[in-house]
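To keep things clear, I will list the structure first and then write my remarks on it.
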Amino acid sequence: MSDCIFCKIINKDIPSEVVYEDRELIAFKDISRLAPVHLLVIPKKHIKDLNGVAAEDEGLIGHLFGVVQKLATDYGVAESGYRVITNIGSDGGQVVPHLHFHLLGGQKLGSKLG
Ligand code: 5GP
Ligand code: ZN
């Protein structure tokens with residue numbers, strides 16, 4: 011989508027620190043880091059949020075979580091623990107309307123539910 015900031019990152023129209031990329035996914039460092047490890051893992055397909063995930067995306071989402079696991083290992087937080095968050099819509103606090111999963115770790119994370 012032409013006016014989507016994450017699609018611009020996918021297309022390299024906006025620079026980012028890419029940490030993983032394949033045909034279906036890209037992962038990059040969040041510009042506003044909330045923990046020592048703060049990555050965003052996103053599908054290249056423009057899907058607005060989790061509500062927009064269809065049955066045909068099952069493989070894509072499974073693959074995405076495999077990449078989350080790999081990145082958690084690569085960044086040394088798989089054993090110490092980490093958090094994966096996806097915000098959905100207004101009450102969910104979603105700012106960028108392109109499905110993305112935050113991978114946060116590298117410190118003891120506080121409780122930020124609600
Ligand atoms: P949301 O609140 O939508 O779940 O999270 C959006 C995230 O995208 C925020 O953590 C924000 O810091 C990050 N973000 C927004 N714009 C950019 C950008 O241009 N580059 C990068 N690397 N991250 C961004
Ligand atoms: Zn997009």
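Per this note's numbering, the sequence shown starts with residue 11, numbered consecutively.
Where a beta carbon is used, it is the ideal one built from N, C-alpha and C, also for glycine.
- By the beta-carbon neighbour count (other beta carbons within 10 angstroms, threshold 16), L119 is exposed.
- The distance from the Cβ of I98 to that of D40 is about 17 angstroms, inconsistent with a contact at the 8 angstroms cut-off.
- Note on geometry: alpha-carbon atoms of T96 and F111 lie some 5 angstroms from one another.
- For F111, the distance from the CB to the nearest heavy atom of ligand 2 is not below 7 angstroms.
- In the three-state reduction of the DSSP assignment, G91 falls in the coil class.
- DSSP, reduced to helix, strand and coil, places L50 within a strand of the structure shown.
- Rounded to whole angstroms, the gap between the alpha carbons of D67 and V29 is 23 angstroms.
- Leaving aside the five residues that flank I20 on each side, the residues in its chain whose CB is nearer than 6 angstroms to its CB run, in chain order, I36 and K54.
- In summary, V51 is buried, with 16 or more beta-carbon neighbours lying within 10 Å of its beta-carbon over all protein chains present.
- Residue pairing by DSSP places A37 opposite Y30 and V51 in a beta bridge.
- At the C-beta level, V78 and V63 stay beyond 8 angstroms of one another.
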